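To keep things clear, I will list the structure first and then write my remarks on it.
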Amino acid sequence: MLTLASNLGAARSQMAFTLGFHIILASLGVALPAMMLIANYLGLRRDDAHALELAQRWSKAVAVTFAVGAVTGTVLSFEFGLLWPAFTGRFGQVFGILFGIEGIFFFLEAIFIAIYIFGWKRLSPWTHFWTGVPVVIAGLGGAFSVVAVNSWMNQPQGYSPATGKVTSVEPLKVIFNPAVPYEVPHMILAAYLVTGFLVAGIYAVGMLRGRRDRIHRLGLLIPLTVACIATPIQFAVGDTAARAIAKDQPIKFAAMECVQQTHTDVTEYIYGRCTSSGVKGGLGIPGFDSFLVGWSTGTQVVGLDTVAPDDRPPANTMLHWAFDTMVGICTVLIGLGLWLAIGWWRKRDFPQTRWFLRATAVSGVLAVIALECGWIVTEVGRQPWIVYNVMRTSDAVTHANGIWVTFGLILALYLALGTALIVTLLAMSRRWRSAGEHDESVPYGPEPGPPPDLATESPG
Amino acid sequence: MSKADAVAVALWVGVTMYAIFAGADFGAGLWSLLSGAGESGRRPRELIDWAIGPVWEANHVWLIFVLVVLWTGFPSAFEAVFSTLFIPLSLAALGIVIRGAGFAFHHNARRARGRALAERLFGLASVLTPFFLGTVVGAVAGGRVPVGNAAGDSVTSWCNPLSLVIGALFTATGAYLSAVFLVSDARRAGAPDLERALVSAVVTGALAAVGLFALHRHARFVFDGLTSDGLPLVIVSALCGIGVLVLLQRRALRGTRVLAAGAVASVIWGWAIAQHPYLLPKTLTISAGAAPSATLTAVLVVFGVAVLLVLPALGLLFTLAQRSFVEETSGPSPTEGEA
């Protein structure tokens, strides 16, 4: 007989895994259409066939990743009921409307992806370009709606009474909750960063293998430029977010920074192991944590000791490492951006060394790691609450048995799904390189005609 | 009509769309499975793949719409259904994942190794989802889903005669819908197959009759509703179903799709009327399970905006798709197909 505690562990594992998987596809769904449109715009503006070719390839990659993202997104909407029925049963009426809005954006994105792919041959070039714009807008709108739900879980408001059955809701207060201004831009920028570095990284690998044609140069340069511009902005937004969290969710912040007791002049530790008596190991910078929170070493930072042990997030060392890794990777990626900028300033081109290509190739993986770390910080850092200071995750979980079974199935299924996605994208890129096959069909695109032998024969 | 009723209507629009489009899609998967493995089944399978393609795309949207409106408008019903019916809903979701993956990859997998195995998998997935969603509906109609977090029996709630019959009925309905859809598509490709449509029409009709009998025994409230207030729609459904059979016999295919979809839609709405005013008969009414007023208003606004934005966009896509048919000689000509 499974106990409720193991139910909670299984449900949290399954949710963490499925969300951690979906967040990568969602990021691509938000930002890849933008890269595609930039290439399309450059292609039309400069009459550049290579840029147009890139836009066409990326539109196919968009279709495939979007179709897989639709599947993993559907799983998540099931999990709201299968894993967290008591959470959705009580608060679905509060946050649900945001998913309704998201549904519109999702539908529009699907339709306009199809229109854009259909339109390559059936619309005038500029009309076709403009049919891609709603895809980008819908991606932003969808990201806003979904992340706003997460923000609401961090900063719940807009409903009453505070306890028991919800009888009154103020949708606007829910939608524009206090965590939206920093959490939403942080996630949208993350999507652009991840997509930019990932796509640029793929073309960097191609160039390292000797494919130094113009398509590869553009395929590297367009996404890398977008990502390198987004990175310093992301750093600033993330810094603002951290300060806001120190104020709005002080216990989450204390766990991220391993602050045990409330005091001033708090040391900022880079890595190190969190223990109840402070950080062991790691690189300490005296007073810097206080300085980061309030621009002065005299700033008081709330410690974990202000709440009961039951109300503190688990796995503080992992949280702390996730936070430091995210910030560290962002810093390194800013360095890559500077490298690109200096090269561009001196030679009007990106640095032509293998080391630059290697760094770009790695940057995509690093960006994904940073994305996952950020997600861990916000989700694990909110524990033990599913709705911050209102509802415990343990009170939200289903009383049904069998989650370890579904988690096992999901692991196997997603492994196959991820493999199939990568294999498919690789096969597409091989075909593009070898034959320049343009009429291959993709999801949301025009169906090929009926199989030729069917047009004349009658089966059965 | 109260605001809560209006939201229930919006929910039901989504359910109807999902039942028809996803039903046809899952049914096609079933036919694909039944057409056999290997070379002998290759041609019918390819035809099915080609014909059903355009139906796939919006299925996830309808489903997510239904889930979101349910948990936003009627959260306690959502909680009750998804916790008590954890097992069949997990299995339905499993089918959706596999079938959705099929949509994402089948375009690129035409030449891939392991295709036969994948096709089997998609076929099986196409049976899983409609069957287990049917058992869920049977559980709700039979009053076996009490309000609360997994308050009902995790097995007997859906593993009972009524649920199993409705599960079978759902599977057969999908097969019926896709068979009728396929007849018209197949004719456009020059290879109509009436047998499938006729067989599945008879099987579905028979299961519907058994279903009525099961409702009479295990879900008396819904049965009474179907045979009183819901009766006109049940009759409409039967007439539509007979109409499809007559048209198929006469090889007059124009209108068969609309009639088949009408047969399914009228039963779905007949059921809604039969179950009114309950979300979960006979423990939770629509008004008792409804979200606060402001939330209901917001849902209706979102629904309205969705209709205003999505319909023109869909129209544009449809126009473009038609245009591609005109220009590409490899595709079937629209003039041969039915409206």
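Line by line, the protein sequences give chains C and Y.
With numbering that gives the first Met the number 0 as the guide, the letters of the first sequence map in order to residues 0 to 459.
With numbering that gives the first Met the number 0 as the guide, the letters of the second sequence map in order to residues 0 to 338.
Where a beta carbon is used, it is the ideal one built from N, C-alpha and C, also for glycine.
Computed from a predicted structure; not experimentally measured.
Asked	Found
Under 9 Å (Cβ pairs) to chain Y, residues found in the segment 109–141 of chain C	109, 110, 111, 113, 114, 117, 118, 120, 121, 122, 130, 133
Contact list for residue 89 of chain C against chain Y, beta-carbon separation under 9 Å	74, 75, 78
Separation of residue 100 of chain Y from residue 417 of chain C, as counted between CA atoms	10 Å
Contacting residues, own chain, Cβ-Cβ under 8 Å from residue 8 of chain Y (five flanking each side not counted)	0
Cα-Cα separation, residue 278 of chain Y to residue 92 of chain C	16 Å
Nearest candidate by alpha-carbon position, reference residue 160 of chain C, set C:90, C:140, C:180, C:228	C:90
Near the ligand FAD: residue 274 of chain Y beta-carbon under 8 Å from a heavy atom	Inclusion of the ligand FAD in the displayed structure is not the case, the ligand content being empty and no account of it being possible.
For residue 195 of chain Y, the nearest candidate out of Y:180, Y:77, Y:60 (CA to CA)	Y:180
Status (buried if at least 16 other CB within 10 Å, exposed otherwise) for residue 233 of chain C	buried
Supposed close pair residue 385 of chain C, residue 86 of chain C - CB separation, criterion 8 Å	5 Å
Where residue 158 of chain C sits in the DSSP three-state scheme	strand
Within 9 Å, strictly: CB atoms of residue 65 of chain C and residue 108 of chain C	yes
Neighbour list for residue 159 of chain Y in chain C, Cβ cutoff strictly below 9 Å	Within 9 Å Cβ-Cβ: nothing; residue 159 of chain Y doesn't reach chain C, min ~18 Å.
Burial state of residue 346 of chain C (16 or more Cβ within 10 Å)	exposed
Beta carbon of residue 381 of chain C nearer than 9 Å to that of residue 316 of chain C	no
Residue 123 of chain C burial status per 10 Å Cβ neighbour count (16 or more: buried)	exposed
Cα-Cα separation between residue 62 of chain Y and residue 13 of chain Y, rounded to whole angstroms	7 Å
Presumed contact (8 Å Cβ cut-off) between residue 145 of chain C and residue 101 of chain C, rounded CB distance	5 Å
Residue closest to residue 146 of chain Y, alpha-carbon to alpha-carbon, out of Y:160, Y:198, Y:75	Y:75
DSSP three-state assignment for residue 167 of chain C, whether helix, strand or coil	strand
Touching by the beta-carbon criterion (3+ pairs, under 8 Å), the segment 129–144 of chain C and the segment 109–119 of chain C	yes
Residue nearest to residue 204 of chain C in terms of C-alpha spacing, selected from C:370, C:421, C:412, C:358	C:358
Residues near residue 365 of chain C by beta carbon distance below 8 Å, same chain, minus five either side	196, 328, 331, 332
Candidates Y:243, Y:93, Y:29, Y:287, of which the one nearest residue 412 of chain C by Cα	Y:93
Own chain partners of residue 304 of chain C with C-beta closer than 8 Å, once the 5 adjacent residues on each side are dropped	259, 260, 261
Per-residue DSSP class, three states only, for residue 398 of chain C	coil
Helix, strand or coil at residue 54 of chain Y according to DSSP, with G and I counted as helix	With a pLDDT of 47 at residue 54 of chain Y, under the threshold of 50, the predicted position of this residue should be treated as unreliable, though the coordinate-derived value follows. Helix at residue 54 of chain Y.
For residue 130 of chain C, three-class secondary structure by DSSP	helix
Buried versus exposed, by CB contacts within 10 Å (16 or more), residue 288 of chain C	buried
Minimum Cβ-Cβ distance from residue 73 of chain C to chain Y less than 9 Å	yes
Three-state class that DSSP yields for residue 278 of chain C in the structure shown	strand
Range covered by the beta strand (DSSP E) that runs through residue 292 of chain C	No beta strand (DSSP E) contains residue 292 of chain C, which is instead part of the alpha helix (DSSP H) from 287–293.
Local conformation of residue 359 of chain C per DSSP, three classes	helix
Neighbouring residues, chain C, relative to residue 86 of chain Y (Cβ below 7 Å)	401
Within chain Y, the residues that residue 408 of chain C reaches when beta carbons sit closer than 7 Å	93
Limits of the unbroken beta strand (DSSP E) element including residue 278 of chain Y	277–279
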